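Taken in order, these protein sequences are the chains called A and B. Heads up: the first sequence runs through residues 1 to 249, numbered per the numbering used here. Heads up: the second sequence runs through residues 1001 to 1252, numbered per the numbering used here. A short worksheet on the structure shown next.
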Amino acid sequence: MGMKSLALVQSGKRTNQDGRPVANKILLAIPDAEFHAIRPHLEHIVFPRHHTLHEPNEKPHFVYFPNDGLLSLVVVTENGKTVEAGIVGKEGIVGLASAVGLTKSPLREIVQIAGEGFRIAVVVLQNTLRSTPQLQMALSRYAVLHGLQVSQTAACNRLHDTEQRLARWLLMTQDRVDSGILGITHDFLATMLGTDRPSVSLVAGRLQNMQLIKYTRGAVRILNRKKLESRACECYGVAQQFNGDLGLK
Amino acid sequence: MRRSDGQAGQIGRTSASGYRVRNRLLLSIPDTEFLVVRPHLEFLRLPHRCILHEQNEKLRFAYFLNSGLISLMIETREGKTVEVGTVGNEGIVGMQSAVGLTRSPLREVVQIAGDGFNIKPPLLQNALLSTPFLRSILNRYSVLQGLQIAQTAACNRLHNVEQRFARWLLMFQARSDSDSLVITHDFLAAMLGTDRPSISLAARNFQRRQVIEYKRGAVKILSRRKLEKLACECHAVIQQLSAESDLKGATK
Chain A
1 MGMKSLALVQ
11 SGKRTNQDGR
21 PVANKILLAI
31 PDAEFHAIRP
41 HLEHIVFPRH
51 HTLHEPNEKP
61 HFVYFPNDGL
71 LSLVVVTENG
81 KTVEAGIVGK
91 EGIVGLASAV
101 GLTKSPLREI
111 VQIAGEGFRI
121 AVVVLQNTLR
131 STPQLQMALS
141 RYAVLHGLQV
151 SQTAACNRLH
161 DTEQRLARWL
171 LMTQDRVDSG
181 ILGITHDFLA
191 TMLGTDRPSV
201 SLVAGRLQNM
211 QLIKYTRGAV
221 RILNRKKLES
231 RACECYGVAQ
241 QFNGDLGLK
Chain B
1001 MRRSDGQAGQ
1011 IGRTSASGYR
1021 VRNRLLLSIP
1031 DTEFLVVRPH
1041 LEFLRLPHRC
1051 ILHEQNEKLR
1061 FAYFLNSGLI
1071 SLMIETREGK
1081 TVEVGTVGNE
1091 GIVGMQSAVG
1101 LTRSPLREVV
1111 QIAGDGFNIK
1121 PPLLQNALLS
1131 TPFLRSILNR
1141 YSVLQGLQIA
1151 QTAACNRLHN
1161 VEQRFARWLL
1171 MFQARSDSDS
1181 LVITHDFLAA
1191 MLGTDRPSIS
1201 LAARNFQRRQ
1211 VIEYKRGAVK
1221 ILSRRKLEKL
1231 ACECHAVIQQ
1241 LSAESDLKGA
1251 TK
């Protein structure tokens, strides 16, 4: 399991059987032989904004490898309150629980920023994993790195204020989608941050007044990343130090 | 990654120096795999409050607990702390090193004294190359732990001090096999990511409702049933995930 860092095949050099290019970092990191083992099973799909891939405690049917966009892992309480526990972009995989043989997961998986990628049936992935040790290791490594992201979020949710958490979220998201324009509404940001819409609007308004972000027609544009970093809590720095390990810039 | 029948020979499993193995992951792997890991298991006692890993320091060992409880903590620059997860004999501490990471932002601290084994990361990594069953149950464990931490992330945001205090006491009692828990308000504040007055207030409320009794720095649980009602749903969710990580056939 001792992969020190990801040695990536260049983005676009690999495709699925229908010729769709692969940009997912995990699929780009495994050796050719293993990629060929999984390739026939990769079904290309688009991730429309706000589309739910998995509802809490339902039986998962697919595991997802995003090429771009952003997927959110959300905890839903009994009374319907929600808060995001982690995010996944092209560096990761969604549906780890089923990949390791769990039959259900308490997390909602929802598309936060539209994108596309591949899906693979759970059973097929589990079968493939027996003959793809490097892929197994890459998933294991990703599970651990993602666990660290979630741990930091657990602390951040308790200890930091909405402005700090919003700034952190925007920065982490930008790292994953490689774009300064993030298609996201205040309602969804509130859901993600476990707060209400007015609080998000207030904080977003303040960041906008400082000319760090600009809010237009359901999208946030990051204007000054450096200043935004100074408004974020240290949790962003903690998450960022693993960007290299995840194959992110 | 599917579970197979790998429980043979778990009775009387010991380390090379003769210490009995009670860690459930180590008890659930097949004999052939246990023999690969066995020479590298170093027995150690885990005294209360002992720090196994300090935030951002180099990861020197991974740990398989036989007994006791480890808290995974995060401390901010200004010294605020909060617990994000716990590990007992169902799991491994320091899985980061098994996948080749050299550092981790988590502090690992002994919450309930116990004992277990440590193993050096390169030796564990090497062993994992020829132990597919261990590899898959470690993966399964990391994912389950991630789900528990995800629940904590939500809980820390959405639930109040009383709910979280109740949840923590239930978890702690289940792990410590005792009704009387020696814990100070300061310490509880550090675990729950709040301040001492908030904990004192919650403790007084619980005491008035005869849920707990606070005497000479020890909390005694008077009614576990009442405590369960006061705790948020996260207690049940996390408990269920812990039960899942208990592998079939592994003994206590």
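All residues carry an ideal CB built from backbone N, CA and C; glycine is no exception. Computed from a predicted model, the values in this text were never measured in an experiment.
Rounded to a whole number of angstroms, what is the C-alpha to C-alpha distance between residue i and residue j?
| i | j | result |
| --- | --- | --- |
| P1122/B | S1028/B | 22 angstroms |
| Q211/A | L228/A | 9 angstroms |
| A1202/B | N24/A | 47 angstroms |
| N1066/B | G1088/B | 8 angstroms |
| V1084/B | G19/A | 43 angstroms |
| Q1163/B | Q10/A | 49 angstroms |
| M192/A | S179/A | 19 angstroms |
| L1129/B | N1139/B | 14 angstroms |
| D1031/B | V1110/B | 29 angstroms |
| F65/A | R168/A | 24 angstroms |
| K214/A | G117/A | 28 angstroms |
| V1082/B | D175/A | 26 angstroms |
| V111/A | V83/A | 14 angstroms |
| K4/A | R217/A | For K4/A, the predicted model reports a pLDDT of 49, less than 50, meaning its position is unreliable and no value from the coordinates is stated. |
| T1076/B | L1035/B | 41 angstroms |
| D196/A | R1013/B | 53 angstroms |
| A1189/B | L159/A | 12 angstroms |
| T1251/B | G1116/B | Below a pLDDT of 50, predicted positions are generally treated as unreliable, and T1251/B, at 34, falls in that range; the measurement from the model is reported next regardless. Cα-Cα distance, rounded: 15 angstroms. |
| S105/A | E1244/B | 11 angstroms |
| R1216/B | Q241/A | 44 angstroms |
| S1223/B | F1206/B | 10 angstroms |
So, under 8 angstroms CB-CB, residue i and residue j are touching, yes? Tell me the CB distance rounded to an integer number of Å.
| i | j | result |
| --- | --- | --- |
| G1146/B | V150/A | 6 angstroms |
| L1069/B | I1112/B | 4 angstroms |
| G92/A | V63/A | Contact doesn't hold; Cβ gap of about 11 angstroms is too wide. |
| R1107/B | M1073/B | 4 angstroms |
| E1057/B | T1131/B | Their Cβ separation, rounded to whole angstroms, is 27 angstroms, which puts E1057/B and T1131/B out of contact at 8 angstroms. |
| Q152/A | V238/A | 5 angstroms |
| A1150/B | G86/A | 7 angstroms |
| L1170/B | A1231/B | 6 angstroms |
| L1181/B | A1218/B | 6 angstroms |
| I1025/B | G1079/B | Correcting the residue identity first, residue 1025/B is Leu in this sequence and not Ile. Not confirmed; about 34 angstroms, so no contact. |
Measure the CB-CB distance between residue i and residue j and report whether it falls below 7 angstroms.
| i | j | result |
| --- | --- | --- |
| N1023/B | F1064/B | yes |
| P56/A | V76/A | yes |
| H44/A | N16/A | yes |
| V1099/B | R141/A | yes |
| L1041/B | S1071/B | no |
| R1157/B | N157/A | yes |
| P48/A | A154/A | no |
| L70/A | T173/A | yes |
| H186/A | V203/A | no |
| I120/A | L42/A | yes |
| S1142/B | V144/A | yes |
| V74/A | R108/A | yes |
| K81/A | N67/A | no |
| A138/A | I181/A | no |
| G1114/B | L1046/B | yes |
| Q134/A | E34/A | yes |
| L8/A | A29/A | yes |
| I1221/B | D1179/B | yes |
| Q1096/B | L1144/B | no |
| L148/A | Y236/A | no |
| A1174/B | L1227/B | no |
On the DSSP bridge assignment, give the partners of residue i in chain order.
| i | result |
| --- | --- |
| S1198/B | None, per the DSSP bridge assignment. |
| D1115/B | R1045/B |
| T82/A | V76/A |
| G117/A | I45/A, P66/A |
| K90/A | Partner(s): none; K90/A has no beta bridge. |
| S1180/B | K1220/B |
| P198/A | Answer by DSSP bridge pairing: none, since P198/A is not bridged. |
| T253/A | With chain A covering only 1 through 249, there is no way to say anything about residue 253/A. |
| R108/A | V74/A |
| K1080/B | Beta-bridge pairing links K1080/B to no other residue. |
| I1137/B | For I1137/B, which the question treats as bridged, DSSP gives no partner whatsoever. |
So that I know if they touch, is there some Cβ in chain D lying closer than 7 angstroms to that of residue i?
| i | result |
| --- | --- |
| Q1239/B | No chain D is part of this structure, whose protein chains are labelled A and B. |
The ligand FMN and residue i: does any heavy atom of the ligand fall closer than 6 angstroms to the residue's C-beta?
| i | result |
| --- | --- |
| A1154/B | This structure does not include the ligand FMN; it has no bound ligands of any sort. |
Query - Interfacial residues, the stretch 1153-1182 of chain B to chain A, with Cβ spacing under 7 angstroms - result: A1153, A1154, N1156, R1157, L1158
Query - Against chain A: residues of the stretch 1133-1144 of chain B by CB proximity under 8 angstroms - result: R1135, S1136, L1138, N1139, R1140, S1142, V1143, L1144
Requested in this report: Pull out every residue of the stretch 155-188 of chain A whose Cβ sits closer than 7 angstroms to any Cβ of chain B, in chain order.
Outcome: A155, N157, R158, L159
Report task. Taking a Cβ distance cut-off of 7 angstroms, strictly less, list which residues of the stretch 211-238 of chain A are near chain B, in chain order. Result -> E234, V238
Report task. Could you list the residues in the stretch 91-108 of chain A with a C-beta less than 8 angstroms from some C-beta on chain B, going in chain order? Result -> L96, A97, A99, V100, G101, L102, S105, P106, L107
Requested in this report: Select from the stretch 1019-1032 of chain B all residues with a C-beta closer than 7 angstroms to any C-beta belonging to chain A, and list them in chain order.
Outcome: none
Query raised in the report: What are the residues of the stretch 191-210 of chain A that lie near chain B, defined by any Cβ-Cβ distance shorter than 9 angstroms?
Result: L193, G194, T195
**Report entry** Positions along the stretch 45-74 of chain A whose CB lies within less than 9 angstroms of some CB in chain B
**Finding:** L73, V74
Query - the stretch 1064-1076 of chain B: positions lying closer than 9 angstroms to chain A by Cβ - result: L1072, M1073, I1074, E1075, T1076
Query raised in the report: Taking a cut of 9 angstroms between CB atoms, which residues from the stretch 1097-1109 of chain B lie near chain A?
Result: A1098, V1099, G1100, L1101, T1102, R1103, S1104, P1105, L1106
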